[in-house]
Amino acid sequence: MRRLAVVLSVALLLGCQQSPAPGPAPVGSLTVRLKAEGDALAGRGDYERAALKYQQAANQEPDDVSIRFALGSALSHLNRREETVEQFRFVVARGKPDSTEVQAARRWLVAAGEAAEAVTFAPSGPSAETAATASAPPPRPPAFNLPPGKVRGKIEARGREGREVNLALIGDEQWNTDLAIPLTGKLGQAFQFDGVAPGNYRLTAEDRETGEELWDVPVTVTAGKEIVVDLK
């Protein structure tokens, strides 16, 4: 809980002067609060507001890898691919090579067809070569050497025409298990995923307001082909 600064009037023995008001809360405490609020929002599936909180936290502590990873994770659930790539590249460049954040960010970048750059902030000295080698990006999955496919369809209204839903194509194979392609759709309307690497996925849809899972269906994307999946 945020600490509230309270100005206390203290009668001093000499001069009966009022004590000065305490200064603003330390940046660290504000950052912790913003990060915690973002985590709570993300846990409820409110990724837009979570991303805003994480961005505010990142503005306070721009070099904090855990915050940048959380921001990238929230953005990956929205239609903001370029920003997700930017955040995950930062995590790969600045984080510890064996950390969970770096490994997850690197896998996402590779699965999304965005080769993770080698660390450019490695320490000087004999350990620099070791750090660079440990963080070298894994090879590009073969699926990305094939023509991408497309997934389109229509979402059943279920009596709630126009209600927003969070759609996602989630990788269902070892090479793409960390890949989640987000899309915002509406009940009763059409949707389309373009540029999807061939492979097996699960197409999920959840109510954007309540987080209720509405659909979870298997989808196989074929190179250069279009697949129609109507959510009924």
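Here the sequence shown is numbered in my numbering, starting from 14 and rising by one per residue.
Ideal Cβ positions, reconstructed from N, Cα and C, are used throughout, including at glycine.
Check                                                                                                                   : Outcome
Contact under 8 Å by Cβ, Arg165 with Ala203                                                                             : yes
DSSP state of Pro155 mapped onto helix, strand, coil                                                                    : helix
Residues of its chain near Leu227, where Cβ-Cβ distance is below 7 Å and the 5 sequence neighbours each way are ignored : Val178, Ala218, Glu219 and Asp220
Unbroken stretches of the beta strand (DSSP E), 3 residues or longer, contained in the region 161-222                   : 162-167, 177-184, 193-199, 203-209 and 212-220
C-beta contact flag for Lys199 and Arg215 at 8 Å                                                                        : no
Gly36 - DSSP class collapsed to helix/strand/coil                                                                       : With a pLDDT of 42 at Gly36, under the threshold of 50, the modelled position of this residue cannot be trusted; read the value that follows with caution. Coil, per DSSP.
Reference Glu225; option with closest CA among Gly51, Arg46, Gly56 and Ser42                                            : Gly56
Where Gln100 falls, given that 16 or more other Cβ within 10 Å makes a residue buried                                   : buried
When Ala83, Val105 and Ala125 are compared against Gln116, the one with the closest alpha-carbon                        : Val105
For Thr235, the three-state DSSP class (helix, strand or coil)                                                          : coil
In DSSP terms, what Leu244 is bridged to                                                                                : Ile168
Sequence-distant residues of the same chain with beta carbon closer than 8 Å to Ala147, five excluded per side          : Confidence is the limiting factor: at Ala147 the pLDDT is only 46, short of 50, which leaves the residue's position unreliable and the question unanswerable from this model.
CB contact flag (Ala64, Leu43, <8 Å)                                                                                    : no
Beta-bridge partners of Asp76, as assigned by DSSP                                                                      : DSSP lists no partner for Asp76.
Per-residue DSSP class, three states only, for Leu227                                                                   : strand
Integer Cβ distance of Asn309 from Glu239, believed to fall under 8 Å                                                   : No information on residue 309 is available, as it lies outside the stretch 14 to 245 that the chain covers here.
Neighbour-count burial assignment, Leu244, 16 or more Cβ in a 10 Å radius                                               : buried
Nearest to Glu169 (by Cα), restricted to the options Pro231, Val242 and Phe206                                          : Val242
Alpha-carbon to alpha-carbon, Lys48 and Tyr67                                                                           : 6 Å
Where the alpha helix (DSSP H) through Arg102 begins and ends                                                           : Arg94 to Arg107
Proximity of Glu127 and Val78 at Cβ, strictly below 8 Å                                                                 : no
Presumed contact (8 Å Cβ cut-off) between Val209 and Lys167, rounded CB distance                                        : Wrong, their Cβ atoms sit about 18 Å apart, outside the cutoff.
Same chain only: Cβ atoms within 8 Å of Asp191, ignoring 5 sequence neighbours per side                                 : Ala117, Arg120, Trp121, Ala124 and Gly184
Nearest-angstrom Cα separation, counted from Leu182 out to Pro161                                                       : 14 Å
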